[in-house]
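Trainee: Quick one: structure below, then a few questions.
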Amino acid sequence: MIKLQVYTSADCWTCEETERIVTDVVAHFPDVEVAVLDMMSAEKPDDVFAVPTYLINGRIVSLGNPTREELTQKLMSVQNGVVG
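Converting from the sequence shown to this note's numbering requires adding 59 to each position, the first position being numbered 1.
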C-alpha cells in the first residue's frame with residue numbers, strides 16, 4: 060500500500076488546487092491511501108514547514124503543487140519499486 064500524505068492549511072491560496080490534483084491523480088491508483096491533513100492541527104514531521112507539502116510513504120516528494128503528470132510519475136515510480 061502506498062501512502063500519500065498532503066499537508067494543507069485553511070489560509071493556503073493554492074490548496075484548493077491541491078485537492079483537485081490529488082483527487083484527479085489518485086483516481087488512477089486504487090492502492091494509494093490518501094490523507095489530506097491540516098498543517099495546523101495534524102501532527103507532522105519536523106521537515107514539513109510549508110503548504111502544500113506532498114509525502115509518499117513518509118518521504119517529501121514535493122513542496123508546492125506538482126503538476127498532475129509529476130505526481131503521477133512519482134506514484135508510478137513508487138508503485139514499480141523505483142526509488143528516486
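The C-beta atom is built at its ideal place from N, Cα and C for all residues, glycine as well.
Put Glu-147 into one of helix, strand or coil per three-state DSSP.
Mentor: Since the displayed the chain opens at 60 and closes at 143, residue 147 lies outside it and no answer follows.
Trainee: Taking the Cβ atom as the reference point for each residue, do Val-95 and Val-85 lie within a distance shorter than 8 Å?
Mentor: Here residue 95 refers to the residue found at position 36 of the sequence shown. Here residue 85 refers to the residue found at position 26 of the sequence shown. No; because the gap between Cβ atoms is not below 8 Å, this pair is not in contact.
Trainee: For Val-120, count the other beta carbons within 10 Å of its own beta carbon; 16 or more makes it buried, fewer makes it exposed. Which is it?
Mentor: If you number the sequence shown from 1, residue 120 lands on position 61. Burial call: buried.
Trainee: List the residues that DSSP assigns as beta-bridge partners of Ala-94.
Mentor: Start at 1 with the first residue of the sequence shown, and residue 94 comes out as number 35. Paired residue(s): Gln-64.
Trainee: Is the Cβ-Cβ distance between Ile-61 and Asn-116 less than 8 Å?
Mentor: For the purposes of this step, residue 61 is taken as the residue at position 2 of the sequence shown. For the purposes of this step, residue 116 is taken as the residue at position 57 of the sequence shown. Yes, these two residues count as a Cβ contact at 8 Å.
Trainee: Taking 7 Å as the limit between beta carbons, can you name the residues of its chain near Glu-76, skipping five residues before and five after?
Mentor: By 1-based counting over the sequence shown, the position of residue 76 is 17. Asn-124.
Trainee: Can you list, in chain order, the residues of its chain whose CB lies under 6 Å from that of Met-98, leaving out five sequence neighbours each side?
Mentor: Here residue 98 refers to the residue found at position 39 of the sequence shown. Contacts found: Tyr-66, Ser-68, Val-110.
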